[in-house]
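Structure, as C-alpha cells:
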Amino acid sequence: MQTLVLEPAWDKTIAPQDREHIEVLFHETKRVFNEGVHFIPIRQAVNHRGDLLISVLIHNFSQEDYLFDQKTLQYMWNEKIVASHTFTLPFHIIKQHTSMPWTFIFPKETVVTTENFTNGELKLINP
36 MQTLVLEPAW DKTIAPQDRE HIEVLFHETK RVFNEGVHFI PIRQAVNHRG DLLISVLIHN
96 FSQEDYLFDQ KTLQYMWNEK IVASHTFTLP FHIIKQHTSM PWTFIFPKET VVTTENFTNG
156 ELKLINP
C-alpha cells in the first residue's frame, strides 16, 4: 500500500492549501502505476536568481527502497530539454511504496530556457 510521507522540513513549513493539494494529487495518482519511480508535477517556477524550480510528487512503487544519489534529471517540455542536472537527495533513500513531494532546483546555468516551461515532464535519465 502506497504511503504519503513529508520530509520533516516540509511537514513543518508547508502551507495548509499546499498540503491539501499534495494530498489530493497523491490520492488521484497513487494507483496510476504499480512499479518503478515516477514524478507527478505539482508546480514549476523560476526564482530571483533564474534557477528553475520543479516541484513533484515522487512515487516509489517498487518493492525495494530507492537510492536517490547522483541521479540525472531532465525537465522536458514539448519533447525538448528545458533543463538537465544531477541531484542527490539529502535523505538519499525513498522507501518502498512511499510517495513524497520534493522540489528540484535546476541552477540557472543548466536551464536552456524559461519560456513556455509549464506543464512539462521530469525524466530520470539514469535510474
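Per the numbering used here, the sequence shown starts with residue 36, numbered consecutively.
For every residue, glycine included, the Cβ atom is placed at its ideal position computed from N, Cα and C.
Bear in mind that the values here come from a model prediction, so they are computed numbers and not experimental data.
Same chain, Cβ closer than 7 Å to residue i, five either side skipped, listed in chain order
{"i": "E70", "result": "F96, S97"}
{"i": "W45", "result": "P136"}
{"i": "L102", "result": "H127, I128"}
{"i": "T148", "result": "V117"}
{"i": "R78", "result": "S90"}
Residue i versus residue j: straight-line alpha-carbon distance, rounded
{"i": "R84", "j": "E144", "result": "10 Å"}
{"i": "S119", "j": "T138", "result": "14 Å"}
{"i": "H62", "j": "F74", "result": "14 Å"}
{"i": "T121", "j": "T38", "result": "26 Å"}
{"i": "A80", "j": "Q109", "result": "15 Å"}
{"i": "V59", "j": "L124", "result": "24 Å"}
{"i": "P142", "j": "N82", "result": "10 Å"}
{"i": "V146", "j": "E55", "result": "30 Å"}
{"i": "D53", "j": "I140", "result": "18 Å"}
Residue i and residue j closer than 9 Å at C-beta
{"i": "T48", "j": "L92", "result": "no"}
{"i": "I160", "j": "K106", "result": "yes"}
{"i": "I89", "j": "L157", "result": "yes"}
{"i": "P162", "j": "V72", "result": "yes"}
{"i": "G155", "j": "P43", "result": "no"}
Residue range of the beta strand (DSSP E) that includes residue i
{"i": "E156", "result": "156–159"}
{"i": "H73", "result": "72–81"}
{"i": "Q109", "result": "106–112"}
{"i": "I89", "result": "87–95"}
Beta-carbon proximity list for residue i, same chain, < 8 Å, skipping 5 on both sides
{"i": "D100", "result": "I128, I129, K130, Q131"}
Delimiting residues of the alpha helix (DSSP H) encompassing residue i
{"i": "E42", "result": "Careful: E42 lies outside any alpha helix (DSSP H) and carries neither H nor E."}
{"i": "T64", "result": "51–64"}
Spatial neighbours of residue i in its chain, beta-carbon cut-off 6 Å, leaving aside the 5 residues before and after
{"i": "H94", "result": "H73, S134"}
{"i": "W112", "result": "F152, G155"}
Complete runs of the beta strand (DSSP E) confined to the segment 109–143 [at least 3 residues]: 115–122, 133–141
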